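>
Below, the structure is given as structure tokens:
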């Protein structure tokens, strides 16, 4: 007599999380620029590489006024190699002697490239009010299809993560910010509230918060005062204490 056996084999398995993180962070950069037409500014940007390998990176700069940038402003356009740890890189911007006056916001993005390339030599440029060539070659303005990867500072990353947690599944957020409070009040009832923060810093704060929340897929609205009805929003971020307690 023969006996047959059919055995079922069920392999043991274990699910292990895998997280691929962004290794590049901007730690420090200028808070504001102030130049006259024809001047050049050299500045340092401190960047941290959290990974154990080297990366090729580019610093992409853009103004919030594309037409003005194309006609009057030129940024450095270089490739760097960043090693593990913190490094400081020098960049520059030039303003045409023909540039009209105005106030703008400079956005800095770090583009991490996938191919290792040698760093481009940096030209020797001394800050000077001397005239610029008639045909500057501005670096291209990044588009939504750009491969640039925006690296947030640890503080802004904390803000974005906290906002996502607080809003749960919601995606609408109202940001009460210094710049809008200033615009709404500094020339009228808020003329005596001062001293106000520096306008360039307020612009930088507002744009940094806006960019952070948009990267977390929020639909962002901004205001300078707290509205009577907040039920239209999943989250409210207040970054202007004079909007909460005006300095009457």
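In the numbering used here, the protein residues as written are 84 to 331. A virtual CB, placed ideally from N, CA and C, is assigned to each residue, including glycine. Given the structure is predicted, the values throughout are model-derived calculations rather than measurements.
Quick one: is residue 324 buried, meaning 16 or more other Cβ sit within 10 Å of its Cβ, or exposed?
So residue 324 ends up on the exposed side.
> How far does the alpha helix (DSSP H) with residue 167 in it extend, from its first residue to its last?
Counting along the chain, residue 167 falls outside any alpha helix (DSSP H), and DSSP gives it neither H nor E.
> Using the Cα positions of residue 151 and residue 98, report the straight-line distance between them to the nearest angstrom.
Between residue 151 and residue 98, the C-alpha separation is close to 53 Å.
> Residue 195 and residue 136: beta carbons closer than 8 Å?
Their beta carbons are not under 8 Å apart, which means residue 195 does not touch residue 136 by this criterion.
> Let me confirm a value: residue 114 is counted as buried when at least 16 other C-beta atoms fall within 10 Å, else exposed. Which label applies?
That one is exposed.
> Between the alpha carbons of residue 126 and residue 111, how many angstroms are there, rounded?
Approximately 11 Å between the Cα atoms of the pair.
> Quick check on residue 274: buried or exposed, where buried means 16 or more other Cβ atoms within 10 Å of its Cβ?
Residue 274 comes out exposed.
> Starting from the C-beta of residue 148, find all residues in its chain whose C-beta is less than 6 Å away, skip the five residues before and the five after it, and write them out in chain order.
Correct list, in chain order: 187.
> Whose C-beta lies closer than 6 Å to the C-beta of residue 134 among residues of the same chain, with five residues either side of it excluded?
Only 106 meet the Cβ criterion.
> Can you say whether residue 309 is buried or exposed, counting buried as having 16 or more other CB atoms within 10 angstroms of its CB?
Burial call: exposed.
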